[in-house]
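Using my numbering, you'd call the opening residue of the sequence shown number 246 and step up by one each time. Think of the CB as a built atom: it goes at the ideal place given N, C-alpha and C, for glycine as much as any other residue. Just below is one structure, and these are the notes that go with it.
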Amino acid sequence: MHRACLEIELLEDCVFSARAATEGGHESLDRIPGAALLGAAAARLYAGLGTEAFTAFHSGRLRFGDGLPLAPSGAAAWPVPRAWHHPKNAALTGDDNRLRKDLLFNFTIRNEIPEQEGRRIQPKQLRQGHVTGYGEWVRPRRDLRLKTAIEATTGRAAEGQLFGYDALHRGQVFRAWIEADETVDAALFERVVEALTNEVLLGRSRSAEYGRARIARVEAEPPRPGDPAPDGRLRLWLLSDLALVDAQGQPTLQPTPGHFGLDGGEILWDRTFLRARRYSPWNAARGGFDRERLVLEAGSVLTIAPSPGYDREALIERLARGVGRHREAGLGRFWLDPPLLADDQPAFAAPPEPAAADAKPTAPPDHPLVAWLQDQGSGWKLVAEREADRFVEDYFDTIKKARRFGGIAKDAVFGPSRSQWGQVLATARACRGNTLHGALFNGDDAVIKENGEGWDIDIDGRHTLAGWLRERLDPTIIERSAEIQDKDRHRAYAHFVRMSARRIQDRIRRRRT
Numbered sequence: 246m247h248r249a250c251l252e253i254e255l256l257e258d259c260v261f262s263a264r265a266a267t268e269g270g271h272e273s274l275d276r277i278p279g280a281a282l283l284g285a286a287a288a289r290l291y292a293g294l295g296t297e298a299f300t301a302f303h304s305g306r307l308r309f310g311d312g313l314p315l316a317p318s319g320a321a322a323w324p325v326p327r328a329w330h331h332p333k334n335a336a337l338t339g340d341d342n343r344l345r346k347d348l349l350f351n352f353t354i355r356n357e358i359p360e361q362e363g364r365r366i367q368p369k370q371l372r373q374g375h376v377t378g379y380g381e382w383v384r385p386r387r388d389l390r391l392k393t394a395i396e397a398t399t400g401r402a403a404e405g406q407l408f409g410y411d412a413l414h415r416g417q418v419f420r421a422w423i424e425a426d427e428t429v430d431a432a433l434f435e436r437v438v439e440a441l442t443n444e445v446l447l448g449r450s451r452s453a454e455y456g457r458a459r460i461a462r463v464e465a466e467p468p469r470p471g472d473p474a475p476d477g478r479l480r481l482w483l484l485s486d487l488a489l490v491d492a493q494g495q496p497t498l499q500p501t502p503g504h505f506g507l508d509g510g511e512i513l514w515d516r517t518f519l520r521a522r523r524y525s526p527w528n529a530a531r532g533g534f535d536r537e538r539l540v541l542e543a544g545s546v547l548t549i550a551p552s553p554g555y556d557r558e559a560l561i562e563r564l565a566r567g568v569g570r571h572r573e574a575g576l577g578r579f580w581l582d583p584p585l586l587a588d589d590q591p592a593f594a595a596p597p598e599p600a601a602a603d604a605k606p607t608a609p610p611d612h613p614l615v616a617w618l619q620d621q622g623s624g625w626k627l628v629a630e631r632e633a634d635r636f637v638e639d640y641f642d643t644i645k646k647a648r649r650f651g652g653i654a655k656d657a658v659f660g661p662s663r664s665q666w667g668q669v670l671a672t673a674r675a676c677r678g679n680t681l682h683g684a685l686f687n688g689d690d691a692v693i694k695e696n697g698e699g700w701d702i703d704i705d706g707r708h709t710l711a712g713w714l715r716e717r718l719d720p721t722i723i724e725r726s727a728e729i730q731d732k733d734r735h736r737a738y739a740h741f742v743r744m745s746a747r748r749i750q751d752r753i754r755r756r757r758t
C-alpha cells in the first residue's frame with residue numbers, strides 16, 4: 246500500500262461546515278475533512294490527469310484521510326470513543342489537561358460505574374474532543390465571527406443578510422494520511438501528494454479571509470491493529486464518518502457483520518455505541534450540493550462477536566482499505582481492537598519528556614527595533630487565552646449546576662445575558678489589573694453586583710454567581726503565572742477577561758440561534 250503522512254498548519258481561520266443548512270447557528274467540524282484535501286488536489290491536477298482522474302479522485306483506490314488535531318506533545322489525537330463514560334459532573338482533567346483514567350469507564354466491557362459509598366453513580370457519555378495515547382484531551386479551538394453582506398449599489402450592509410462562520414482557529418496543526426492501493430501507479434500517487442505539499446486553500450469562503458494552510462510531508466505511521474481481546478470479541482473504533490448502504494443500495498445507519506466481511510458474526514448492540522448525522526456536501530466544481538449523506542459519526546464504537554475461525558488477517562486488510570461509501574474522501578476508517586479499549590478503564594502511556602536544548606540560544610542584537618518587537622511578544626496572550634478557555638468551560642458548568650439546583654427548565658432564559666457580558670468586555674477594554682477587578686465588583690457602579698439581575702442567581706444554596714465570579718476572576722489567577730513577566734501581568738489579566746467575555750457571548754449567541 247502507498248502511504249504518505251501530511252501535517253497541515255492553519256495559517257488563517259478555516260471553515261468546515263458540519264451541515265449545509267443556511268438557517269440556525271453555523272457549526273464547524275473539529276477536524277479537517279478528507280474531502281477538503283481531495284478538493285485541493287483536484288483543483289490543481291484534475292484537468293491534466295485525463296482518464297487517471299477517476300482513479301485519483303473517484304474510485305476509492307486512493308483515499309484522502311481526515312486531518313485530525315495534534316496535541317501539544319506532537320502526538321496524533323483520535324476522536325474520543327463513544328464507549329467511554331464518566332461520572333456526571335466530574336472534573337475529567339487535571340492541571341496537565343490529561344484525562345483522568347480513574348474516571349473513565351469502557352462500556353464495551355462493563356455497563357455501569359462502580360458505586361461510591363453505597364450510592365449509584367450516574368454515567369455520562371464522553372462525546373467531545375480527541376484523545377491521544379497519553380491521555381491528552383484535545384479540543385480544537387474555534388472562533389465565531391458575525392458578518393453581513395454588502396449592498397453593491399450603496400456600499401452599505403444589506404438588509405437581512407447577517408450571517409456567521411464558526412471556524413477552526415489559525416495556528417493549529419492537524420495530521421492526515423493519504424493512502425492508495427498497490428494497484429495505483431506510484432507516480433500518480435506521488436503526483437497527488439506533491440500537489441498538496443505547499444500552501445493551499447481549504448474549506449469555505451476561500452476568496453475572503455479564510456482557508457489558507459501550509460501542508461508538509463512528514464514521517465509517521467497510522468495506528469496499528471491491537472491484540473485480539475481475551476473475550477474473543479472485536480472492537481472497532483471509527484476514526485472517521487462511515488456511510489453504509491443496505492442490500493438494496495439505500496443508506497442505512499444499522500451496520501451488519503457482512504459490511505466487514507464477517508458473515509456469521511453478531512453485533513452486540515448492548516456493547517455498541519453509535520451516533521449519526523446527515524449533511525449535503527458542497528461541490529465547488531459543479532457549483533451545487535452533492536447527494537445528502539447519512540453517516541455514523543467518527544468516535545462510534547462497534548462490538549462484534551465473530552463466527553468461530555474467522556480470518557483476522559483478511560479483516561485487517563479489508564479495514565485498511567476502508568469500509569462503505571465515499572472512501573476517497575476519507576470515510577470508513579477503523580481502528581481494530583485499539584489499546585485504549587482493551588480494558589474496562591483506559592491505560593494511558595506516560596507522555597514523552599521534552600527534548601533538552603543542545604545549545605544556548607543566541608542573544609538577540611542590541612537594537613531599538615528588536616527591543617520593541619520583543620515587548621510586543623504574545624507569550625502572555627497565549628497564557629491568558631488558555632486560562633480564558635478553562636474559565637469559560639467552568640462558567641457554563643456552573644450555570645448548568647445552578648439551573649439544576651433551581652429546577653429551571655432547560656429552554657428558559659437563565660443567568661447573565663449577552664449584553665451584560667458585553668458590559669464586562671467594555672470594562673476590560675478600559676481598565677487593567679486590580680483597577681479592572683474593582684470596576685467589575687466593587688462599589689455602586691460595579692458591573693457584576695451580588696443583587697444584580699442574572700448575577701444574583703443561587704448556584705448551590707450557599708453562593709451566588711456574582712460571588713463565584715469574584716473569586717474566579719481574581720487577578721492572581723493570571724498574575725501568579727511564572728510564564729508571564731512582571732511588566733505584562735496587568736495587561737494579561739485584562740486580556741484574559743476580554744477573551745472570556747467574548748467567548749461567553751459567542752456561546753450564548755450560538756445557543757439562541
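Residue of the options minimising C-alpha distance to residue i
i	options	result
phenylalanine 650	Phe636, Trp625 and Leu710	Leu710
arginine 420	Asn443, Thr643 and Cys250	Cys250
glycine 575	Cys676, Glu542, Ala739 and Pro496	Glu542
arginine 570	Gly624, Thr497 and Glu558	Thr497
threonine 517	Thr377, Trp482 and Arg343	Trp482
isoleucine 653	Asp703, Glu562, Gln417 and Cys259	Asp703
phenylalanine 579	Gly310, Ala425, Asn342 and Leu413	Gly310
glutamate 439	Glu573, Arg469 and Ala285	Ala285
glycine 312	Glu444, Arg364 and Glu252	Glu252
isoleucine 713	Arg674, Ala673, Gly554 and Thr643	Position check: residue 713 holds tryptophan in this sequence, whereas isoleucine was assumed. When each option's Cα is compared against that of tryptophan 713, the closest is Thr643.
glycine 544	Arg289, Pro324, Arg276 and Leu283	Pro324
glutamine 590	Asp347, Phe261 and Ala288	Asp347
leucine 681	Gly577, Phe302 and Asp719	Asp719
arginine 715	Asp733, Glu728 and Val742	Val742
valine 437	Ala737, Tyr291, Trp666 and Lys626	Tyr291
alanine 595	Tyr379, Ile749 and Asn356	Tyr379
alanine 511	Ser552, Ile366, Pro526 and Gln499	Residue identity differs from the one stated: residue 511 is glutamate in this sequence, not alanine. Checked all of Ser552, Ile366, Pro526 and Gln499; the closest Cα to glutamate 511 is Ser552.
isoleucine 749	Arg387, Trp329 and Glu454	Arg387
phenylalanine 505	Ala458, His708 and Arg563	Arg563
tryptophan 422	Leu446, Arg372, Pro368 and Leu484	Leu484
proline 317	Gln668, Gln417 and Leu446	Gln417
leucine 489	Gly405, Ala431, Glu537 and Asp275	Glu537
valine 669	Ala657, Lys694, Asp656 and Val658	Lys694
arginine 736	Thr338, Lys369 and Glu630	Glu630
isoleucine 366	Pro385, Tyr410, Asn334 and Pro470	Asn334
glutamine 373	Leu282, Asp411, Glu360 and His330	His330
Boundaries of the alpha helix (DSSP H) in which residue i is found, first to last residue
i	result
leucine 564	557-565
glutamate 638	624-651
leucine 581	Careful: leucine 581 lies outside any alpha helix (DSSP H), inside the beta strand (DSSP E) at 579-581.
leucine 547	Taken as a continuous stretch (DSSP letters only), leucine 547 belongs to no alpha helix (DSSP H), being part of the beta strand (DSSP E) at 546-550.
arginine 717	710-717
Integer Cβ distance of residue i from residue j, believed to fall under 8 Å
i	j	result
isoleucine 358	proline 326	Actually they are not in contact, since the Cβ atoms of isoleucine 358 and proline 326 sit about 16 Å apart, beyond 8 Å.
alanine 402	arginine 478	Wrong, their Cβ atoms sit about 58 Å apart, outside the cutoff.
serine 273	alanine 263	6 Å
valine 383	leucine 307	So it is not a contact: roughly 28 Å between Cβ atoms.
aspartate 751	leucine 389	4 Å
leucine 336	valine 376	A small fix is needed here, since residue 336 is alanine in this sequence, not leucine. Rounded, the Cβ-Cβ distance is 16 Å, inconsistent with contact.
arginine 522	valine 540	6 Å
alanine 673	alanine 746	6 Å
glutamate 214	glycine 405	It is not possible to answer for residue 214, since the shown part of the chain is limited to 246 through 758.
arginine 289	glutamate 424	19 Å between Cβ atoms; not a contact.
arginine 717	aspartate 639	7 Å
Extent of the continuous beta strand (DSSP E) run through residue i
i	result
glutamate 252	247-255
glutamate 444	444-446
leucine 539	538-541
leucine 586	It is not in any beta strand (DSSP E) - leucine 586 carries neither H nor E in the DSSP assignment.
proline 332	329-332
Any non-hydrogen atom of the ligand NAD closer than 7 Å to residue i Cβ
i	result
arginine 384	Absent from the structure shown: the ligand NAD. Ligands present: none.
Any 3 or more C-beta pairs closer than 8 Å across the stretch 686-697 and the stretch 745-758 | They do not touch, by the three-pair rule.
Any contact of the stretch 577-592 with the stretch 346-364, i.e. 3+ C-beta pairs under 8 Å?
-> Touching, yes, given that three or more Cβ pairs across the two stretches are closer than 8 Å.
What runs of the beta strand (DSSP E), each 3 residues or longer, lie entirely inside the stretch 455-528?
-> As far as the stretch 455-528 is concerned, its whole beta strand (DSSP E) runs of at least 3 residues are 457-463, 479-483 and 521-524.
Do the stretch 699-719 and the stretch 658-673 make contact, defined as three or more Cβ pairs closer than 8 Å?
-> Judged by Cβ distances under 8 Å, the stretch 699-719 makes contact with the stretch 658-673, as three or more pairs qualify.
Is the stretch 551-560 in contact with the stretch 523-534, if contact means three or more CB pairs nearer than 8 Å?
-> In this structure the stretch 551-560 does not touch the stretch 523-534; the number of beta carbon pairs closer than 8 Å is below three.
Mind pulling the beta strand (DSSP E) runs of 3 or more residues that sit fully within the stretch 355-441?
-> Complete beta strand (DSSP E) runs here, min 3: 368-370, 387-395, 402-413 and 418-425.
Meets three-Cβ-pair contact criterion under 8 Å: the stretch 294-303 and the stretch 250-259 = The stretch 294-303 is not in contact with the stretch 250-259.
Touching by the beta-carbon criterion (3+ pairs, under 8 Å), the stretch 337-345 and the stretch 393-401 | Flag = no, the stretch 337-345 and the stretch 393-401 do not touch.
Of all the alpha helix (DSSP H) runs that stay within the bounds of the stretch 653-704, which reach a length of 4 or more residues?
-> Taking 4 residues as the shortest admissible run, the stretch 653-704 contains the following complete alpha helix (DSSP H) segments, listed from N- to C-terminal end: 663-675 and 678-686.
Ranges of the alpha helix (DSSP H) found wholly within the stretch 291-319, counting only runs of at least 4 | With a minimum length of 4 residues, the continuous alpha helix (DSSP H) runs that stay inside the stretch 291-319 are 297-302.
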